[in-house]
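Colleague: Same order as they appear, the protein sequences are chains A and B. The first sequence: position 306 = 1032 (the numbering used here), numbered continuously. The second sequence: position 56 = 782 (the numbering used here), numbered continuously. I have a structure here, written as structure tokens, and I will follow up with some questions on it.
2 protein chains.
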Amino acid sequence: MARPERRTVRDLRKGNRAVLLRELYFVGPTSRHELTALTGLSAATVSNVTGDLLADDVIVEAGLVDSDGGRPRVLLRVNPVYGYAIGVDVGETHVQVELFDLDMNEKARAEYPLRPDGHDVDVVVRNILSGIDAVLADAGVAPEQVLGVGVGMPGIVESGPDALIHAQTFGWDGVPLGALLREGTSLPLYIDNGAKTLGQAELWFGAGRGSRNAVIALIGSGVGAAIITDGVTYRGANSSAGEWGHTKIALGGRACRCGGRGCLEAYIGAEAILERAGLPLDTASEQAQLAELVRSGAPVVDETVEYLGAGLANLINLFNPERIVVGGWAGLTLGQHLLTKIKKAAAENCLTQPFSTASIVLGRLGPDAVALGAATLVIEEFLLNNTASPARAHATL
Amino acid sequence: MARPERRTVRDLRKGNRAVLLRELYFVGPTSRHELTALTGLSAATVSNVTGDLLADDVIVEAGLVDSDGGRPRVLLRVNPVYGYAIGVDVGETHVQVELFDLDMNEKARAEYPLRPDGHDVDVVVRNILSGIDAVLADAGVAPEQVLGVGVGMPGIVESGPDALIHAQTFGWDGVPLGALLREGTSLPLYIDNGAKTLGQAELWFGAGRGSRNAVIALIGSGVGAAIITDGVTYRGANSSAGEWGHTKIALGGRACRCGGRGCLEAYIGAEAILERAGLPLDTASEQAQLAELVRSGAPVVDETVEYLGAGLANLINLFNPERIVVGGWAGLTLGQHLLTKIKKAAAENCLTQPFSTASIVLGRLGPDAVALGAATLVIEEFLLNNTASPARAHATL
DNA sequence: GTGACTTTTTTCAAGATATATACTATGTGT
DNA sequence: ACACATAGTATATATCTTGAAAAAAGTCAC
């Protein structure tokens, strides 16, 4: 059962502060009066808490709105330069570091290409750390102003202070990335799987917006899913939940690079599709190849649609989401032209009741939103537990 | 992100009351002193709140424990006769109504067989209502003492006041069971899918005890799963989550009674197994047939193990649970002799990392715990939101 | 312009809560 | 009988939310 929480009277303030801040962040400029309706808090409390937030510079006033014949409402909004969040995307081909303000405007970016064999732990760690320095210097932001660094990694990220990484494609097995990065920076770190951060980006700012039960299906070379339950990314016991790609869809079927047989990824993963079409593997032009293949309408494409539809149907049957977002570069390529067929295939492989309440839509953000999503990890913590820290209190003097 | 809650200072008391009550319920007899350590609340608050609970008769003292050279500790426990919970199991062959005290001791039971074609809405409703009357009369419990009635139903139960039921096997499509029952009783109703209530029973009192991320796999004629995320049964957008049986494990494979092809249920559902073994279908002796088949070690059995293992592997990959409980009568029959083989098959079809942290165990409660689980729905609400109601306050005068 | 009116926001007193601290209760051991 | 140890309770204090009253900041009719 739900484990009830909350103890002291002080937690109340902290909670209500979080409630208001969350509303201001997601709804945008809002008056105190509206906030009472949105949150259910009394006008007095809203006034009181927003007073705190204003004093702490967390929010700012954002203009007036005339009302017919009364005192005009003062709009409040989150102070976009109260702090900054850094998002890092560690992919197979590059390390990308981006600096965002709280409005999620990109203020600076640094990118470091990785050679296919260049996934040495040292290299990646060094790239991330230099990237942090670079974006800060570039945007003229002091480290004290940074709320944290979110990192999206391939593979399985075990939660915990060390953030052990198990990434087959990198040849990493239990690399304590958190500990390694902490040697080079004192910024708060939030490390998670890249598919999950991308999923959170779609949930907050993309096609998943507003849904509380959703699955973001991500199809690239690899296949994964971010599962959203009650508005929160579900991580499972060891943060490895959502390994959709290696669920069996055709037991004993096609061999998968994971060593198993019949995995979904062996049918709908980008490289698997090209292989099945008999095309030569060329990592540089994969995207063009896939796009061309889809346009050609080859039989492989129909087959892929069937597998994809069935895979989505499995997700719907198991999770009963209100929305399924199809993303990832291959997913977008397939979906752009074939969404109706995909939906049809899903319907045929799904129970009618859950299917009828699930809308299947295309992702809106593109695959480079991994860094954005990683930064949302920082924001999430900020919205939940912000309270002027000693460091910051000093910084704002 | 997590939507923060809690507003007024009164909610604090309610929350802390729930925290303490929950601890007393699941840990058992405990002293106030221990409760401070268990809950993190101050001794003063524990004393204060337990005082309330004692005054409301929700808890009672349960003896003393000597301590070496100090005042002995007074043990507190939930008052088992503060109230009662009724659990109803509506199955394909019977309606079973059970009355429990808060210790989940069965105080009375009523059972009504259903003919295979006897799933008229009227019949079922009448059976449930007579069952409620019967168990109350039998145990000499007044309706005012009953905290609620939990009902476990086959099929999909849409949450909401009407509790619409979609049960293919019953030929029910959108039957407002909640509304219908409310015409015959004023007791609070909690209606859910029977697989989910059985899952909750295993979670609270059976093989799932203590785990926060678990999947209870239920294999009978039908195949389903109860998904536990962060200690709570996950229901999804429309309460239909966990339809594991109709996920595709062999796309385009064997025909399933749902109309699809390649569903897991078409391979590991009890009737599917017997069919595949070429045995004549005889609903009366299914269980014996299956047990005999398993003992014989026919090839079908090995095949079934393979499919079951792969199905479990899919659950592990997607949910990353710390525990998988195999239950349902067919699941138990298979598991009793074949658990090692099943684990092996699961391992072969699962990513190593999530597999290594998931323990696969057999259910401990048997399939007749559906009613028990349904009663836990009542208890769950009681633990979370108990506050001496006007009716009860009157009753205790 | 001025006063009535409207709407938003703040102030203030009241009620409720958890906690720390001091205090009481209830035992053991010598 | 008295010191000592542990469990539980009472009281004072600091916080918190809230409803009601007051203040602020406009519009509008005349």
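All C-beta atoms, glycine included, are put in the ideal place defined by N, C-alpha and C.
Counting C-beta neighbours from all protein chains within 10 Å, is the total for V735 of chain B 16 or more, i.e. buried, or is it exposed?
Modeller: exposed
Colleague: So is H972 of chain A in contact with chain B if we call contact Cβ pairs under 8 angstroms?
Modeller: yes
Colleague: Since G897 of chain A meets chain B, which of its residues come closer than 7 angstroms, beta carbon to beta carbon?
Modeller: Those within 7 angstroms of G897 of chain A in chain B number zero; the least Cβ separation is about 15 angstroms.
Colleague: Kindly identify the DSSP beta-bridge partner or partners of V941 of chain A.
Modeller: A:I953, A:I1050
Colleague: Would you call the stretch 957-970 of chain B and the stretch 1044-1056 of chain A touching, i.e. three or more CB-CB distances under 8 angstroms?
Modeller: yes
Colleague: Closest to V958 of chain A by C-alpha separation, out of A:G777, A:E1106, A:N742, would be which residue?
Modeller: A:E1106
Colleague: Quick one: Cα of A893 of chain B to Cα of R983 of chain A, how far?
Modeller: 41 angstroms
Colleague: Please list, in chain order, the residues of the stretch 1029-1054 of chain B that have any C-beta partner in chain A closer than 9 angstroms.
Modeller: E1032, Y1033, A1036, G1037, A1039, N1040, L1041, I1042, N1043, L1044, F1045, N1046, P1047, E1048, R1049
Colleague: Do we get a CB-CB distance below 8 angstroms when we pair T923 of chain A with the residues of chain B?
Modeller: no
Colleague: Hey, would you say the C-beta of G754 of chain A is under 7 angstroms away from at least one heavy atom of the ligand SAH?
Modeller: The ligand SAH is not among the ligands present in this structure, which contains no ligands whatsoever.
Colleague: If we count Cβ pairs, one from each stretch, closer than 8 angstroms, do we get three or more for the stretch 1083-1102 of chain B versus the stretch 919-931 of chain B?
Modeller: In short, these stretches touch, since the Cβ pair count reaches three.
Colleague: Any chance you could list the beta strand (DSSP E) runs of at least 3 consecutive residues sitting entirely within the stretch 810-893 of chain A, in chain order?
Modeller: 810-816, 820-827, 832-839, 872-879, 890-893
Colleague: List the residues of chain B that T1083 of chain A touches, going by C-beta distances under 7 angstroms, in chain order.
Modeller: A963, N964
Colleague: Comparing alpha-carbon positions, which option in A:V1031, A:S1085, A:V847 lies nearest I1042 of chain A?
Modeller: A:S1085
Colleague: Answer with yes or no whether the minimum CB distance from Y960 of chain B to chain A is below 8 angstroms.
Modeller: yes
Colleague: Can you find a CB in chain B that lies within less than 8 angstroms of the CB of I882 of chain A?
Modeller: yes
Colleague: Counting C-beta neighbours from all protein chains within 10 Å, is the total for L750 of chain A 16 or more, i.e. buried, or is it exposed?
Modeller: buried
Colleague: Whose C-beta lies closer than 6 angstroms to the C-beta of A933 of chain A among residues of the same chain, with five residues either side of it excluded?
Modeller: Closer than 6 angstroms at the Cβ level, and outside the excluded window around A933 of chain A, lie V1051, V1087, G1089, R1090.
Colleague: Could you please give the first and the last residue of the uninterrupted alpha helix (DSSP H) stretch that includes A976 of chain B?
Modeller: For A976 of chain B, no alpha helix (DSSP H) run applies, since DSSP gives it neither H nor E.
Colleague: Compute the Euclidean distance between the alpha carbons of N1040 of chain B and G950 of chain A, then round it to the nearest angstrom.
Modeller: Cα atoms of N1040 of chain B and G950 of chain A: separation of roughly 13 angstroms, rounded to the nearest angstrom.
Colleague: Buried or exposed for F1108 of chain A, please, with buried defined as at least 16 other CB atoms from any protein chain shown within 10 angstroms of its CB.
Modeller: buried
Colleague: So, is F752 of chain A buried or exposed, given that buried needs 16 or more other C-beta atoms within 10 angstroms?
Modeller: exposed
Colleague: Here's a check: name, in chain order, each residue in its chain whose Cβ is nearer than 6 angstroms to the Cβ of A769 of chain A, leaving out the five neighbours to either side.
Modeller: T762
Colleague: Please classify L719 of chain A: does DSSP put it in a helix, a strand, or coil?
Modeller: The question about residue 719 of chain A has no answer, for chain A in this structure spans 727 to 1123.
Colleague: Could you check whether the Cβ of P869 of chain B sits closer than 8 angstroms to any Cβ belonging to chain A?
Modeller: no
Colleague: Cutting at 6 angstroms between CB atoms, please list the residues of its own chain near S937 of chain B, excluding the five before and the five after it.
Modeller: E1048, R1049
Colleague: Going along the stretch 766-779 of chain B in order, which residues come within less than 7 angstroms of chain A, judged by CB to CB distance?
Modeller: G766, L767
Colleague: Show which residues of chain B have a CB atom less than 9 angstroms away from the CB atom of L738 of chain A.
Modeller: R732, R733, T734, V735, D737, L738
Colleague: List the residues that DSSP assigns as beta-bridge partners of V786 of chain B.
Modeller: According to DSSP, residue pairing for V786 of chain B in a beta bridge involves B:R803.
Colleague: Could you tell me which chain B residues have their CB closer than 7 angstroms to the CB of Q1015 of chain A, listed as they occur along the chain?
Modeller: Residues of chain B with a Cβ closer than 7 angstroms to the Cβ of Q1015 of chain A do not exist, since the nearest Cβ in that chain sits about 25 angstroms away.
Colleague: Given this structure, state the Cα-to-Cα distance separating L738 of chain A from M879 of chain B, to the nearest angstrom.
Modeller: 39 angstroms
Colleague: What number of angstroms, rounded off, separates the C-alpha of E818 of chain B from the C-alpha of A996 of chain A?
Modeller: E818 of chain B and A996 of chain A: Cα-Cα distance of roughly 45 angstroms.
Colleague: Please tell me whether G913 of chain A and V851 of chain A are closer than 8 angstroms, where the distance is taken between their beta carbons.
Modeller: Reading off the sequence shown, one finds Leu at residue 913 of chain A, where the question assumed Gly. Contact: no.
Colleague: Nearest CA to the CA of V791 of chain A: which residue from A:G857, A:S757, A:T765, A:E1001?
Modeller: Among A:G857, A:S757, A:T765, A:E1001, the Cα nearest to that of V791 of chain A is on A:S757.
Colleague: Under three-state DSSP, which class holds G766 of chain B?
Modeller: coil
Colleague: Based on the DSSP output, what are the partners of C1076 of chain A in its beta bridges?
Modeller: DSSP output for C1076 of chain A lists no bridge partner at all.
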